[in-house]
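Here's the structure, in structure tokens; my notes come after.
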Amino acid sequence: MNMKRDNPRFRFAPSPTGALHIGGARTALYNWLAARHAPEGRLVLRIEDTDRERSTTENVDQILDAMDWLGLSYDEGPISQAGRADRHAAALAQLLEAGAAYRDSATAKDVEAWKAEHGAGRGYRGTPTEEPGAAIRLRVPDEGETVVEDLIHGSVAFPNAAYDDFVIARADGSVLYNFAVAVDDAEMGITEVVRGDDHLSNTPKQLLVLEALGHEPPRYAHLPLLHGPDGKKLSKRHGAASVQELREAGYLPAAVRNYLALLGWGTDDDTTLMSTEELIRRFDVADVGKAAAIFDEKKLRWLNGRFMREMPLDEYTLAVARHLGREPDERLREACAITQDKAQTLAEVWPLIRFLYEPPVDDEKSWKKVMKEGAGEMLAAAAEALASVEPYTPEAIEGALAPLLERFDVKPGRLYQPLRVAITGTAVSPGIFESLAALGREATLERVRDAARRAP
RNA sequence: GCCGCUAUCGUCUAGGGGACUAGGACGCCGGAUUCUCAGUCCGGAAACCGGGGUUCGAAUCCCCGUAGCGGUACCA
Numbered sequence: 001m002n003m004k005r006d007n008p009r010f011r012f013a014p015s016p017t018g019a020l021h022i023g024g025a026r027t028a029l030y031n032w033l034a035a036r037h038a039p040e041g042r043l044v045l046r047i048e049d050t051d052r053e054r055s056t057t058e059n060v061d062q063i064l065d066a067m068d069w070l071g072l073s074y075d076e077g078p079i080s081q082a083g084r085a086d087r088h089a090a091a092l093a094q095l096l097e098a099g100a101a102y103r104d105s106a107t108a109k110d111v112e113a114w115k116a117e118h119g120a121g122r123g124y125r126g127t128p129t130e131e132p133g134a135a136i137r138l139r140v141p142d143e144g145e146t147v148v149e150d151l152i153h154g155s156v157a158f159p160n161a162a163y164d165d166f167v168i169a170r171a172d173g174s175v176l177y178n179f180a181v182a183v184d185d186a187e188m189g190i191t192e193v194v195r196g197d198d199h200l201s202n203t204p205k206q207l208l209v210l211e212a213l214g215h216e217p218p219r220y221a222h223l224p225l226l227h228g229p230d231g232k233k234l235s236k237r238h239g240a241a242s243v244q245e246l247r248e249a250g251y252l253p254a255a256v257r258n259y260l261a262l263l264g265w266g267t268d269d270d271t272t273l274m275s276t277e278e279l280i281r282r283f284d285v286a287d288v289g290k291a292a293a294i295f296d297e298k299k300l301r302w303l304n305g306r307f308m309r310e311m312p313l314d315e316y317t318l319a320v321a322r323h324l325g326r327e328p329d330e331r332l333r334e335a336c337a338i339t340q341d342k343a344q345t346l347a348e349v350w351p352l353i354r355f356l357y358e359p360p361v362d363d364e365k366s367w368k369k370v371m372k373e374g375a376g377e378m379l380a381a382a383a384e385a386l387a388s389v390e391p392y393t394p395e396a397i398e399g400a401l402a403p404l405l406e407r408f409d410v411k412p413g414r415l416y417q418p419l420r421v422a423i424t425g426t427a428v429s430p431g432i433f434e435s436l437a438a439l440g441r442e443a444t445l446e447r448v449r450d451a452a453r454r455a456p
């Protein structure tokens with residue numbers, strides 16, 4: 001935030017109607033970065049669960065799990081909005097008492113009829129009633145406009161006349177979103193509201209509630225939305241749409257934070273690769289752009305690869321182990337060592353090291369492609385060389401194999417590709433000398449001799 | 001329909017009246033690294049939505065249009 005407040009209080013307020021998707025994750029990230037950037041910033045997590053039909057505890061757990069995996073901590077909460085019903089009821093009573101809100105038994109059809117009569121541009125104005133089955137509406141002025149001072153969009157004015165006297169509480173007394181949000185933000189001392197652009201048009205309503213209640217409004221920043229590759233709103237159709245899916249796809253939390261931060265926000269010097277510390281240091285909500293961004297997994301993959309390559313081997317091994325659901329032992333560490341500069345996601349590691357754990361399964365296409373006439377003879381010779389090489393290291397192995405190239409008068413690929421297929425079953429693997437060494441002499445000889453017998 | 005937001009390479013963006021022959025990154029294409037794939041390095045193609053203004057000068061300011069998106073629920 002550009003204007004420094006002493007103790008800015010941010011909030012992330014997801015509704016638990018599904019898993020935390022990428023757009024929500026970015027909103028959470030921006031709030032977190034801004035809160036951590038400010039000297040005494042605090043972040044409150046509030047669960048907007050006033051829609052009891054769609055809100056489930058499973059979804060709440062998923063959101064908490066996603067926040068945890070992303071490394072986004074919060075200072076207060078999670079606070080259930082539904083759990084604050086008594087506070088909402090009190091605020092409601094206050095407005096009813098003051099005449100700022102009233103009971104109205106109008107149905108959706110009635111509102112429609114009213115508009116047909118008064119014009120589509122006029123907001124609905126109801127008639128107070130004492131009937132029991134009536135909802136509660138807020139009185140909206142007919143004149144003037146409500147102005148949202150937005151950190152990203154500047155001043156945005158909305159004509160009051162265009163807004164209905166909107167329903168703030170159901171007939172049963174339970175409150176609705178725009179009312180609950182305004183009350184909670186005010187009573188929880190929220191000073192900075194950073195949320196998606198889809199709430200910009202809702203903000204005047206919340207401002208009206210705040211004003212009726214006599215509360216100071218928080219500062220607002222509405223973030224541009226995230227879209228899928230087709231330009232439409234992001235959804236399951238677009239591949240990895242939830243945080244959990246990102247994790248399963250093998251992305252690193254730090255890379256996801258970096259990528260998400262860059263979606264809608266950039267640095268003046270075009271820095272792309274940033275540690276989370278640097279993100280916190282440089283992030284400013286006021287610098288966020290105005291246009292919706294498209295989530296492009298290709299760039300995330302690249303960024304993720306960069307993070308994977310820069311990790312210390314132990315950390316990298318641990319990340320791979322957790323992704324595979326294994327214990328990080330010495331064998332895995334060795335396997336990771338020869339793949340670290342090849343994979344872009346954790347999910348790509350296993351196919352590269354699988355041959356160290358399981359017998360090779362011949363990929364027919366690879367076999368046919370590399371096992372040309374004479375391959376069997378070369379493999380047999382290679383086995384012989386490998387049987388006696390000492391020590392059994394990548395360097396020594398290379399030294400023992402190189403003379404065969406001259407002896408058979410072939411290019412390196414003619415020898416190394418058959419060897420690769422012999423030990424891994426496929427034509428793609430980490431470096432051949434590293435792979436032979438990692439496999440170990442015994443297993444190597446067994447596989448190479450077996451291939452030598454079967455090759456032409 | 002009404003109210004509102006947005007608009008620079010395919011994508012993320014820099015730029016905020018002259019420094020723009022519009023910069024960077026991903027992706028793409030080509031080359032190098034002669035063990036595969038990847039990685040890495042080098043090079044290349046690629047954009048100011050359209051039309052009017054304002055101004056000596058507009059990607060930048062204003063208006064109109066177009067397109068996309070959001071809101072318009074007793075959803076959040």
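Residue numbers (this note's numbering): 1 to 456.
A virtual CB, placed ideally from N, CA and C, is assigned to each residue, including glycine.
Residue burial annotation: P456 is exposed, with fewer than 16 other C-beta atoms found within 10 angstroms of its C-beta. For G305, the uninterrupted alpha helix (DSSP H) segment begins and ends at E297 to E310. Contact between the segment 140–157 and the segment 201–221 is established, with three or more Cβ pairs separated by less than 8 Å. Here DSSP, grouped into helix, strand and coil, assigns L95 to helix.
Cα atoms of H227 and A292: separation of roughly 7 Å, rounded to the nearest angstrom. Per DSSP, the beta bridge partners of A169 are I136 and V175.
Between G71 and P253, the C-beta gap is smaller than 8 Å, which places the two residues in contact. Secondary structure at T17: coil, using DSSP grouped into helix, strand and coil. Taking a C-beta distance under 8 Å as the contact criterion, D61 and S55 do not qualify as a contact pair. L356 sits close to L439, with the two beta carbons spaced by under 8 Å.
Put simply, of D164, K205, A93 and A108 the residue whose alpha carbon is nearest the alpha carbon of T146 is K205. Under the DSSP definition of a beta bridge, A101 partners with L138. DSSP links R46 through a beta bridge to I79.
Annotation: F283 to P394 spans about 45 Å, alpha carbon to alpha carbon. If you ignore the 5 residues before and after Y316, its C-beta comes within less than 7 Å of the C-beta of M308, C336 and Q340, all in its own chain and listed in chain order.
Taking C-beta atoms under 8 Å as the contact rule, Y102 and K115 fail to qualify, at a distance of about 19 Å. Shown here, K115 sits in a helix according to DSSP, grouped into three states.
Cβ-Cβ distances below 7 Å link L324 to W350 in the same chain, with the five nearest sequence neighbours on each side left out; the list follows chain order. Looking at the backbone, the Cα of G431 and that of I338 are separated by about 7 Å. Under the DSSP assignment, E434 falls in the alpha helix (DSSP H) whose first and last residues are I432 to L439. When beta bridges are read from the DSSP output, A221 appears opposite V194. Nearest neighbour of I47 by Cα position, chosen from D164, F12 and V111, turns out to be F12. Judged by their CB atoms, P224 and D198 are not nearer to each other than the 8 Å cut-off. Residue pairing by DSSP places D150 opposite G154 and Y220 in a beta bridge.
D184 counts as buried, since at least 16 other C-beta atoms from the protein chains shown sit within 10 angstroms of its C-beta. Take the alpha-carbon of G18 and the one of V243: they are about 11 Å apart. The shortest C-alpha to C-alpha distance from F295 to any of G24, A319, I397 and A85 is the one to G24. In the three-state reduction of the DSSP assignment, E145 falls in the strand class, which pools E and B. With respect to L419, A382 sits close: the two C-beta atoms are nearer than 8 Å. Out of P132, S201, G121 and A135, the CA that lies nearest to the CA of A157 is found in S201. L20 sits away from L279, with the two beta carbons spaced by 8 Å or more. Short of 7 Å from the beta carbon of R301, and not among the five residues preceding or following it, lie these beta carbons of its own chain, in chain order: Q344 and T345. Residue A451 holds the alpha-carbon nearest to the alpha-carbon of G425 among L401, A451, D409 and D172.
If the five residues before and after Y251 are omitted, its C-beta is found closer than 7 Å to the C-beta atoms of L300, N304 and T345, all from its own chain and listed in chain order. Shown here for T444: same chain residues with a beta carbon closer than 7 Å to its own, the five before and five after excluded, namely L386, I423 and L436 in chain order. In the three-state DSSP reduction, S388 falls in the helix class (H, G or I).
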